[in-house]
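Engineer: Order-wise, the sequence lines are chains E and G.
Each residue of the first sequence is one higher than the last, beginning at 1 in our numbering.
Each residue of the second sequence is one higher than the last, beginning at 15 in our numbering.
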Amino acid sequence: VADQHSLDRYFGAK
Amino acid sequence: MLEARLAEAAILKRLLDSIKELVTDANFECNEEGINLQAMDNSHVALVSVKLSASGFKKYRCDRPLPLGVNLGSFTKVLKCAKDDDVCIIKAADDADILSLTYEARNSDRIAEYEMKLMDIDADTLNIPDTDYDARVSMPSAEFTRIVRDLSQLGESVRIEVSKEGVRFISDGEAANGNILLRQTDDDAPPEGVTIEMNQHVNLTFSLKYLVNFAKSSTLSNVVQLMLSNDVPLLVSYDFNQGHIRYYLAPKIGD
């Protein structure tokens, strides 16, 4: 079953 | 203080319809260039980013940066009181906890005034890097809406594949499967046609639930752009006269 990473993993917090 | 006069309330109504199911509360960040919003859904899998340029308003004044923390459900309710073609004026004083909205009817002397409570929202802003995407697909927004709605009947996910052949949307449900291929239309440019730019073959899987939600923005633009690179979030972008709405969605990963 596929799952997702959260976007925080791809985009750094400002 | 902020004072912004929008020629038609419809833009704001449509924007709120596009984001209210994804996000509960959000800051509308106002500055002299316009109004921006960036917010993630609860699970941090999807992000919505809205820009309304100052030049898109009939009148716009914002003396200093002002975050307007808004409950999107309440904002939707207040905006429902406006007719699509009403002139809509939004005002907020510095450090105020109230947003005032005035709707001026186009063809009568009716002026309606509403006030909405603002709230303090402590949200992290993500730094979205400029990305050179491997594939860019531009298509009629109604077509995108139809594809994600159709495939969401069959399964939870869609695999989007961009190759020399075109762009293919594939859903593999438990009881049924389906795939839709769109080829580049040589004799028809957007908004009616499909254009595909590809540097590299792309193959990514996404949750349809979110894409169906994003597709609500088809009321704002006839064209949608999908930008994809392997292993990075999908960008779904709708441009309109006053600005844009963009969605980012994390891809599904195999087990």
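Yeah, the Cβ is synthetic: ideal placement off N, Cα and C, and Gly gets one too.
Note that the coordinates shown come from a computational prediction; the quantities given were computed from them, not determined experimentally.
#1: Is residue 187/G near the ligand NAP, judged by its Cβ being under 7 Å from some heavy atom?
#2: Output needed in chain order: residues of the stretch 48 to 65 of chain G with a Cβ under 8 Å from some Cβ in chain E.
#3: Measure the beta-carbon distance from residue 19/G to residue 71/G and round it to whole angstroms, keeping in mind my assumption that it falls under 8 Å.
#4: State the beta-bridge partners of residue 116/G as determined by DSSP.
#5: Kindly confirm or deny that the stretch 59 to 76 of chain G and the stretch 34 to 47 of chain G touch, where touching means at least three C-beta pairs closer than 8 Å.
#6: Give me the Cα-Cα distance between residue 93/G and residue 7/E, rounded to the nearest whole angstrom.
#7: Could you round the C-beta distance between residue 68/G and residue 47/G to whole angstroms and report it? I think they count as a contact, below 8 Å.
#8: Quick one: which residues of the stretch 99 to 122 of chain G get their C-beta closer than 9 Å to a C-beta of chain E? List them in chain order.
#9: Of all the residues that make up the stretch 231 to 247 of chain G, which are near chain E by a beta-carbon distance shorter than 8 Å?
#10: Can you confirm whether the stretch 185 to 196 of chain G touches the stretch 232 to 241 of chain G when touching is taken to mean that 3 or more C-beta pairs between the two stretches lie within less than 8 Å?
#11: Span of the alpha helix (DSSP H) holding residue 94/G?
#12: Counting beta carbon pairs with one atom in the stretch 118 to 138 of chain G and one in the stretch 91 to 108 of chain G, are three or more of them shorter than 8 Å?
#13: If we call anything under 8 Å between Cβ atoms a contact, is residue 44/G one with residue 86/G?
#14: Contact criterion: CB-CB distance below 8 Å. Does residue 140/G meet it with respect to chain E?
#15: For residue 208/G, report the span of its alpha helix (DSSP H) as first-last.
#16: Mind listing, in chain order, the continuous alpha helix (DSSP H) runs of no fewer than 4 residues lying wholly within the stretch 150 to 175 of chain G?
#17: Quick one: is residue 267/G near chain E, going by C-beta distance under 8 Å?
#18: Over what stretch of residues does the alpha helix (DSSP H) that includes residue 32/G continue unbroken?
#19: Going by DSSP, name the residue or residues bridged to residue 274/G.
#20: Which of the three DSSP states is assigned to residue 229/G in this structure?
#21: Closer than 8 Å, CB to CB, is residue 137/G near chain E or not?
#22: Where residue 29/G and residue 79/G are concerned, what is the direct C-alpha to C-alpha distance, given to the nearest angstrom?
Structural biologist: This is what the structure gives:
#1: For the ligand NAP, the structure offers nothing, since it holds no ligand at all.
#2: 54, 57, 58, 59, 60, 61
#3: 6 Å
#4: 103/G, 127/G
#5: yes
#6: 30 Å
#7: 6 Å
#8: none
#9: 246, 247
#10: no
#11: 86 to 94
#12: yes
#13: no
#14: yes
#15: No alpha helix (DSSP H) contains residue 208/G, which DSSP labels as neither H nor E.
#16: 155 to 166
#17: yes
#18: 24 to 33
#19: The structure shown does not extend to residue 274/G, since chain G is modelled only from 15 to 269, so the question has no answer here.
#20: helix
#21: no
#22: 21 Å
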